[in-house]
Amino acid sequence: MSPSSPGIESGYAWRLAVVSMICIAASGGSAFLPIVAMSQMAQEFGGQRQVPSLAYTLAYIGGGAGGIMMGWLSDKLGPRPPLLLAATCIALGAWLASSGGAFALYAGYGLLMGFLGNSATFTPMLNNIQGWFESRRGVAVAIVSVGPAVGGFVWPQIYRALLPDHGWRDTLVIFGVIAATIVALGALYVRRAPVPRGSSGAPARENLAALPMSSPAIMALLSAASFCCCLAMAMPFAHMVAFCGDLGFAANRGAEAVSLILLSAIASTFVMGRLADKIGPLPTSLICSVIQIVALVGFLFVASLWGIYTLSAIHGIPFIAIVQGYALNLRALYGPGIGGWRLGVVLFLAMCGMAVGGWLGGVIFDNTGSYAWAFRLALLANVINLALLTILFLAQRGRAVPRLA
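My numbering applies: residue 362 is where the sequence shown begins, and numbers increase by one.
And the structure:
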């Protein structure tokens, strides 16, 4: 790092955390349009909610799969080139998805806005910001991690204002122009984090010797846990507006419940980030998993609007915090030399969980006429998540499992 470069936990580092959050909030906004306009979009595709649900699904799968490649690319080139690519592809993807039938919708969401767009913001910027912080890493990661929640709060309000006059297609084009502009400006501001170095002065390598179990086992546990928690998370979230409508409440009430989830997520993420700095990221992840179980049980029985609001606030507590925990856990386990691809893999499974949860909720509803079995499946997935995190927690506590490189 040159003498003129900003240092660890400098003013630039904190500003970069905010810029990273804004870029992530902007780039991921397309996924919230099918949530708000689910019924309107479905009417153009034979009344089937599976079509907009699948677009939502492909956006998350594409974003997750692309995150592995973008994490590796960011290690090689820094985060700026992936961000510039993202800005271009988000604009093209929004135009393509709005211009044709189901295939264009899927290609725009999955390939351009997902695989080449949103993927180039979340994983590279979350990896990069960790290198700018030490003692307050949890808080910094929390700032960046609330990007999806901030986007999820802001974009639905914009969509609600635009949809009555412009329809979902023109609304999507407007999103593409705004998001691409924000991400391009963010790319001009971002800098690569200082390279961590060992005692010899060489770049730090992953610390495999200190792992509580084999590296493949850790990656498998965290990947499976992230898939399960996000599948459970997406079931009520992706279908909240439609779920409220089925209970007899106006679509605006459902949009308010979605916003409440995200507002709760934004507020609680900072608390959980600070808690992770105090007690460690893995115990914090366990707490988040238990809270999500409580919310899912409630959604099985809720019938009142205030009950939905209350459960939405509870559901929001771990909504981002449980995902940011995977980034913090990987850094704590592998050290500062961790490869960006590892976070890409875990976040890919997380996004697959969000994708499958959103899509499967639509499939279950179309076949059963209600969301009851969808929420039961979500609860089962969350219990599995808790069990997997507990296995890693016990291994970390006892370090009794043989360590293999």
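Where a beta carbon is used, it is the ideal one built from N, C-alpha and C, also for glycine.
Owing to the predicted nature of the structure, the values given are computational and were not obtained by experimental measurement.
Listed in chain order, the alpha helix (DSSP H) runs fully inside the stretch 572-657 are 576-599, 601-607, 612-640, counting runs of at least 4 residues.
Straight-line measurement puts the Cα of S620 at about 24 Å from the Cα of M486. The residue from Y687, A599, G471, S391 with its alpha-carbon nearest to that of G723 is A599. Note on W529: 16 or more other CB atoms within 10 angstroms of its CB, so buried under the neighbour-count rule. Secondary structure at V551: coil, using DSSP grouped into helix, strand and coil.
Residue A545 holds the alpha-carbon nearest to the alpha-carbon of A448 among R498, A545, F476. Around the beta-carbon of S371, fewer than 16 other beta-carbon atoms lie within 10 Å, marking it exposed. Residue range 411-438 is occupied by the alpha helix (DSSP H) that includes Q411. In the three-state reduction of the DSSP assignment, S731 falls in the coil class, being assigned neither a helical nor a strand state. Counted as a single uninterrupted DSSP element, the alpha helix (DSSP H) harbouring I451 occupies residues 441-460. Spanning the alpha carbons of T532 and L643 requires a straight line of approximately 40 Å. Counting every other CB atom within 10 Å of its CB across the protein chains shown gives Q491 a total of 16 or more, marking it as buried. Between the stretch 428-435 and the stretch 704-716 there are three or more C-beta pairs closer than 8 Å, enough to call the two in contact. Assignment of W529 by DSSP, reduced to helix, strand and coil, places it in the helix class. Under the DSSP assignment, I683 falls in the alpha helix (DSSP H) whose first and last residues are 682-695.
In this model, D526 and S625 are separated by some 30 Å (Cα to Cα). Assignment of V507 by DSSP, reduced to helix, strand and coil, places it in the coil class. Per DSSP, reduced to three states, the secondary structure at S391 is helical. Ranked by Cα distance from S459, the first of I429, L394, T418, A501 is L394. The beta carbons of V744 and I654 sit about 7 Å from each other, so the pair counts as a contact at 8 Å. CA-to-CA, the gap between G499 and V379 works out to about 14 Å. Taking C-alpha positions only, E495 is separated from A711 by approximately 25 Å. Leaving aside the five residues that flank S584 on each side, the residues in its chain whose CB is nearer than 7 Å to its CB run, in chain order, V706, V707, L710. In the pairwise beta carbon analysis, the stretch 501-511 is classified as not touching the stretch 532-541: fewer than three pairs are separated by under 8 Å. Distance check between F631 and each of P679, A416, T482 places P679 closest, using alpha-carbon atoms only. A residue is called buried when at least 16 other Cβ atoms come within 10 angstroms of its Cβ; R410 meets this threshold and is buried. Between S400 and the set A756, C590, G668, G615, the nearest pair of CA atoms involves G615.
Proximity of the stretch 595-614 to the stretch 638-652 falls short of the contact definition, fewer than three beta-carbon pairs being nearer than 8 Å.
In terms of Cα proximity to P555, the closest of I369, M382, G686 is I369. If you ignore the 5 residues before and after A398, its C-beta comes within less than 8 Å of the C-beta of P413, Y520, L524, W529, T532, all in its own chain and listed in chain order. For Y470, no alpha helix (DSSP H) segment is defined, and its DSSP state is neither H nor E.
Look at V663 here: in three-state DSSP terms it is coil, with no helix or strand label. Only residues of its own chain outside the window of five on either side were considered, and among them L583, I699, R703, L704, V707 have a CB closer than 8 Å to the CB of L691, listed in chain order. Q757 has its alpha-carbon roughly 44 Å from the corresponding atom of A452.
Look at R737 here: in three-state DSSP terms it is helix.
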